[in-house]
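A.B. asks: When you line the sequence shown up against UniProt numbering, it's residues 1 to 509, in that order.
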Amino acid sequence: MRSCGVLLPVSSLPSEYGIGCFSKEAYEFVDKLFEAGQGYWQILPLGPTSYGDSPYQSFSTYAGNPYFVDLVELKNLGLIKEAELKKLNFGKNAHYVDYAKVYNSRFKALKIAFENAKKLLKAGKLKIEGAESFEAFKKANSLWLPDYSLFMAIKDSLGGIAWNEWEEGLRLRGAATLKKYKDKLADEVEFYAFIQWMFDIQWKKLKKYANERGIKIIGDVPIYVAFDSADAWASPELFQFDENFIPTAVAGCPPDAFSATGQLWGNPLYDWDYHKKTGYEWWMKRMARAFDLYDTVRIDHFRGFDTYYSIPYGRKDAVVGKWKKGAGFALFARMKEVLGEMDVIAEDLGYLTPSVIKLVKRTGYPGMKVIHFAFYGGAETTYLPHNHVANSVVYTGTHDNDTTLGWYRSLTKKVRDYTREYLNIRTEDEKEIVWDVIRSAYMSVGNLAIIPMQDFLCLGSEARINTPSTLGGNWEWRMGKKDFTAKLAKRMKKLAITYGRAADETKVK
Numbered sequence: 001m002r003s004c005g006v007l008l009p010v011s012s013l014p015s016e017y018g019i020g021c022f023s024k025e026a027y028e029f030v031d032k033l034f035e036a037g038q039g040y041w042q043i044l045p046l047g048p049t050s051y052g053d054s055p056y057q058s059f060s061t062y063a064g065n066p067y068f069v070d071l072v073e074l075k076n077l078g079l080i081k082e083a084e085l086k087k088l089n090f091g092k093n094a095h096y097v098d099y100a101k102v103y104n105s106r107f108k109a110l111k112i113a114f115e116n117a118k119k120l121l122k123a124g125k126l127k128i129e130g131a132e133s134f135e136a137f138k139k140a141n142s143l144w145l146p147d148y149s150l151f152m153a154i155k156d157s158l159g160g161i162a163w164n165e166w167e168e169g170l171r172l173r174g175a176a177t178l179k180k181y182k183d184k185l186a187d188e189v190e191f192y193a194f195i196q197w198m199f200d201i202q203w204k205k206l207k208k209y210a211n212e213r214g215i216k217i218i219g220d221v222p223i224y225v226a227f228d229s230a231d232a233w234a235s236p237e238l239f240q241f242d243e244n245f246i247p248t249a250v251a252g253c254p255p256d257a258f259s260a261t262g263q264l265w266g267n268p269l270y271d272w273d274y275h276k277k278t279g280y281e282w283w284m285k286r287m288a289r290a291f292d293l294y295d296t297v298r299i300d301h302f303r304g305f306d307t308y309y310s311i312p313y314g315r316k317d318a319v320v321g322k323w324k325k326g327a328g329f330a331l332f333a334r335m336k337e338v339l340g341e342m343d344v345i346a347e348d349l350g351y352l353t354p355s356v357i358k359l360v361k362r363t364g365y366p367g368m369k370v371i372h373f374a375f376y377g378g379a380e381t382t383y384l385p386h387n388h389v390a391n392s393v394v395y396t397g398t399h400d401n402d403t404t405l406g407w408y409r410s411l412t413k414k415v416r417d418y419t420r421e422y423l424n425i426r427t428e429d430e431k432e433i434v435w436d437v438i439r440s441a442y443m444s445v446g447n448l449a450i451i452p453m454q455d456f457l458c459l460g461s462e463a464r465i466n467t468p469s470t471l472g473g474n475w476e477w478r479m480g481k482k483d484f485t486a487k488l489a490k491r492m493k494k495l496a497i498t499y500g501r502a503a504d505e506t507k508v509k
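1) Which word fits L143, buried or exposed, when buried means at least 16 other C-beta atoms lie within 10 angstroms of its C-beta?
2) Would S355 and S229 be called neighbours here (beta carbons separated by less than 8 Å)?
3) Buried or exposed, going by whether 16 or more other CB atoms sit within 10 Å of the CB of T506?
4) Does DSSP put R298 in a helix, in a strand, or in coil?
5) Run through the stretch 196 to 236 for me and flag every whole beta strand (DSSP E) of 3 or more residues, listed as ranges in chain order.
6) I'd like the list of long-range same chain contacts for V508, defined as Cβ closer than 8 Å, with 5 residues on each side in sequence excluded.
7) How many Å lie between V338 and L85 at the Cα?
8) Any chance the stretch 125 to 144 sits against the stretch 168 to 176, with 3 or more Cβ pairs inside 8 Å?
9) Can you tell me whether DSSP reads A162 as helix, strand or coil?
10) Could you tell me which residues DSSP puts in a beta bridge with C4?
11) What residues are listed by DSSP as bridge partners for residue 521?
12) Beta-carbon separation of Y442 and L495 under 8 Å?
13) Do R171 and F245 have their CB atoms nearer than 8 Å?
14) For residue 552, is the classification buried or exposed, using 16 other Cβ atoms within 10 angstroms of its Cβ as the cut-off for buried?
15) Report the option in F34, N76, Y17, L33 whose CA atom is closest to the CA atom of Y67.
16) Smallest Cα separation from Y62: which of L293, I154, A117?
17) So what does DSSP say about L120, is it helix, strand or coil?
18) Within a Cβ cutoff of 7 Å, which residues of the same chain sit near G406, ignoring the five residues on either side of it in sequence?
19) Count the other CB atoms, across all protein chains shown, that sit within 10 Å of the CB of H386; report buried if there are 16 or more and exposed otherwise.
20) By Cβ distance below 6 Å, which residues in the same chain neighbour V189 in space, the five residues on each side in sequence not counted?
21) Are the beta-carbon atoms belonging to H388 and V437 less than 8 Å from one another?
22) For the alpha helix (DSSP H) that contains K285, what are its first and last residues?
23) Output the distance between the C-alpha atoms of V50 and E341, rounded to the nearest integer angstrom.
24) Tell me the DSSP secondary structure of V360 in three-state form.
25) Which value, in whole angstroms, describes the spacing of the CA atoms of M1 and D273?
26) Determine the contact status of G39 and I215, defining contact as a CB-CB distance below 8 Å.
27) What did DSSP end up calling Q240 once you bin it into helix, strand or coil?
28) Where do the ends of the alpha helix (DSSP H) carrying M479 lie?
29) Does Q454 come out as helix, strand or coil in the three-state DSSP assignment?
30) As a quick exercise: from L349, T412, N391, A117, pick the residue whose alpha carbon is nearest that of H399.
31) Express the C-alpha separation of L488 and D183 in angstroms, rounding to a whole number.
32) Among the residues of its own chain, which have a CB less than 6 Å from the CB of R362, if the five just before and after it don't count?
33) Is there at least one non-hydrogen atom of the ligand NAD closer than 7 Å to the beta-carbon of T381?
34) Kindly indicate which three-state DSSP category T307 falls into: helix, strand or coil?
Written as structure tokens, this is what we have:
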């Protein structure tokens, strides 16, 4: 079935306290998507971000980002006062996140809320309509919540240093040392569990609201976990670690036309032999959690399941490395067996070998087509709309691309001329050129078209979300409160109707 949607990270929503969250503005965004005939809202990973603020380097593959908990909702529950919030500085720029200020102020606010919640919980007076109790939540999430909460509490107590720098008893998870820290940090552990309860309640409520309006949520599962994460610390057997839990090799990409030294991501690599012996149990639990949070899951760096690039630990770049065999189809066959038919998108971008193409085809998952990549290699390029297939998801660009306006402005004359000819662009109005590119995605035979919100707003490079392999200045852009207008929603819906993608054509006047 043909459909369309919008890519916008939760952090990029407008809101009152420095970063997008599950606030009233999120509900208003859903309303606008409904008005615009959209059927999907794609977001980035929801996990708690670490240094660098990337949602792809999270402290946990299971937990939610404390930044996304709506402070207004905590205020409505009587857990924090307006006067207390006004004393905190969340940053003054409505269009960009100031992560340092958000980190310092938000955790102060959340700590105040927790202290007040403790009293109400003790008295049995903190009951939230339609939500399970705190104790029931902890029990239901016992698979990951205790490890995550303890990991964060220890990390905070040691000034934020990575777990491989912790004392040996902690690093190697000695029973006596763990008990000592659990007892010593019991209140802090409870704080992190409480914040996850609030996150869970608020996200499930927002997702339900979207689903009731016919809008599905596309979430994102990074193939790798961060080294400095509760996952790596609590389950070292899952990874290629030595006896001291130090990686023997890490993830990345080899040198190519874009980078002479390749990309050194530094994520720990999986011990696929171990995973196979367990029936891929950890992956089944991870994907079950993902489908609890989202309707559709985009699996990042899908090619890594076929073959992955292994870089010896300690290298400063990715020049030296080897391609090794990944889990292959067996993982996805097991997933179907355990979880049933699930709605998955395979992120199959970049250089694809015949074996990767075969794996994607065998799973039956739709791959991705990015219009920005289409105009560099002639008429046979698979990203050109005339070469698309129905079982694919079409994007103008992704979170790793420049905005369409920024991309168009950066084209060489040769590529720009070909782009204009191919798309039959007959205007010099840059904003209308952006709409021509969007139109080409909507015209595609690909079943689903997803457009970044910045493109619908016709914004330039100042609104780019991420520039890969760079530090600083990423994940910061936010949409203005009045940017998504009724006029824009009407134009989006008209386009969706024209190309048979509108979620609810009967409501069009």
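We treat Cβ as the ideally placed atom computed from N, Cα and C, and that holds for glycine.
It should be emphasised that the depicted structure is a prediction, and the values quoted were computed from it without experimental measurement.
C.D. replies: From the atom records:
1) In the sequence shown, residue 143 corresponds to position 143, counting from 1. Burial call: exposed.
2) As a position in the sequence shown, residue 355 is number 355, starting the count at 1. As a position in the sequence shown, residue 229 is number 229, starting the count at 1. For S355 and S229, no; Cβs fall outside 8 Å.
3) Indexing the sequence shown from 1 puts residue 506 at position 506. Note that T506 scores 47 on pLDDT, short of 50, meaning its location in the model is unreliable and no value can be drawn from it.
4) Taking the first residue of the sequence shown as 1, we reach residue 298 at position 298. Looking at R298 - three-state DSSP - the assignment turns out to be strand.
5) 216 to 221
6) Residue numbering aside, residue 508 sits at position 508 when the sequence shown is read from its first letter. Note that V508 scores a pLDDT of 39, beneath 50, so its modelled location is shaky; the value from the coordinates is reported in the next line. Around V508: G37, K493, I497, A502.
7) Against the sequence shown, residue 338 aligns to sequence position 338. Against the sequence shown, residue 85 aligns to sequence position 85. The alpha-carbon atoms of V338 and L85 are separated by roughly 46 Å.
8) no
9) The residue labelled residue 162 in the question sits at position 162 within the sequence shown. Of the three classes helix, strand and coil, the one that applies to A162 here is coil, per DSSP.
10) For the purposes of this step, residue 4 is taken as the residue at position 4 of the sequence shown. Answer is A449.
11) Residue 521 lies beyond the stretch modelled for the chain, which goes from 1 to 509, so this question has no answer here.
12) As a working note, residue 442 is residue 442 in the sequence shown. As a working note, residue 495 is residue 495 in the sequence shown. A contact, by the Cβ cut-off of 8 Å.
13) On the sequence shown, residue 171 is found 171 positions in, with the first residue counted as 1. On the sequence shown, residue 245 is found 245 positions in, with the first residue counted as 1. In this structure, F245 lies closer than 8 Å to R171 by Cβ.
14) Absent from the structure is residue 552, since the part of the chain shown begins at 1 and ends at 509.
15) Position 67 of the sequence shown, counting from 1, holds the residue named residue 67. Of the listed residues, the one whose Cα sits closest to Y67 is Y17.
16) Residue 62 sits at position 62 when you count from the first residue of the sequence shown. The residue with the shortest Cα to Cα distance from Y62 is L293.
17) For this step, residue 120 is matched to residue 120 along the sequence shown. In this structure, L120 counts as helix in the three-state DSSP scheme.
18) Stepping through the sequence shown from its first residue, residue 406 is reached at position 406. Once the five neighbours on either side are set aside, the close Cβ partners of G406 are G460, S461, R464.
19) Counting from one through the sequence shown, the residue named residue 386 turns up at place 386. H386 comes out exposed.
20) For the purposes of this step, residue 189 is taken as the residue at position 189 of the sequence shown. Correct list, in chain order: S149, L150, A153.
21) Mapped onto the sequence shown, residue 388 falls at position 388. Mapped onto the sequence shown, residue 437 falls at position 437. In this structure, V437 does not lie closer than 8 Å to H388 by Cβ.
22) Taking the sequence shown and counting its residues from 1, the one referred to as residue 285 is at position 285. It spans 281 to 293 - the alpha helix (DSSP H) in which K285 sits, taken as one unbroken run.
23) Here residue 50 is taken as the residue at index 50 of the sequence shown, counted from 1. Here residue 341 is taken as the residue at index 341 of the sequence shown, counted from 1. Note that residue 50 is Ser in the sequence shown here, rather than Val. If you take the alpha carbons of S50 and E341, they lie about 33 Å apart.
24) For the purposes of this step, residue 360 is taken as residue 360 along the sequence shown, with counting starting at 1. Looking at V360 - three-state DSSP - the assignment turns out to be helix.
25) Mapped onto the sequence shown, residue 1 falls at position 1. Mapped onto the sequence shown, residue 273 falls at position 273. Answer to the nearest angstrom: the Cα atoms are 38 Å apart.
26) As a first step, residue 39 is located in the sequence shown; it is residue number 39 there, counting from the start. As a first step, residue 215 is located in the sequence shown; it is residue number 215 there, counting from the start. Yes; because the gap between Cβ atoms is below 8 Å, this pair is in contact.
27) Sequence index remark: in the sequence shown, residue 240 carries index 240 (1-based). Coil, per DSSP.
28) Translated into the one-based positions of the sequence shown, residue 479 becomes position 479. Careful: M479 lies outside any alpha helix (DSSP H) and carries neither H nor E.
29) Residue mapping note: residue 454 aligns to position 454 of the sequence shown, counting from 1. Q454 falls in the helix class under three-state DSSP.
30) Taking the sequence shown and counting its residues from 1, one reaches residue 399 at position 399. Measuring from the Cα of H399, the nearest candidate turns out to be L349.
31) In the sequence shown, the residue the question calls residue 183 occupies position 183. In the sequence shown, the residue the question calls residue 488 occupies position 488. Distance between the alpha carbons of D183 and L488: 55 Å.
32) One-based indexing of the sequence shown puts residue 362 at position 362. Excluding positions up to five away in sequence, the list reads F329.
33) Absent from the structure shown: the ligand NAD. Ligands present: none.
34) Taking the first residue of the sequence shown as position 1, residue 307 is located at position 307. The answer is strand: DSSP assigns T307 an E or B state.
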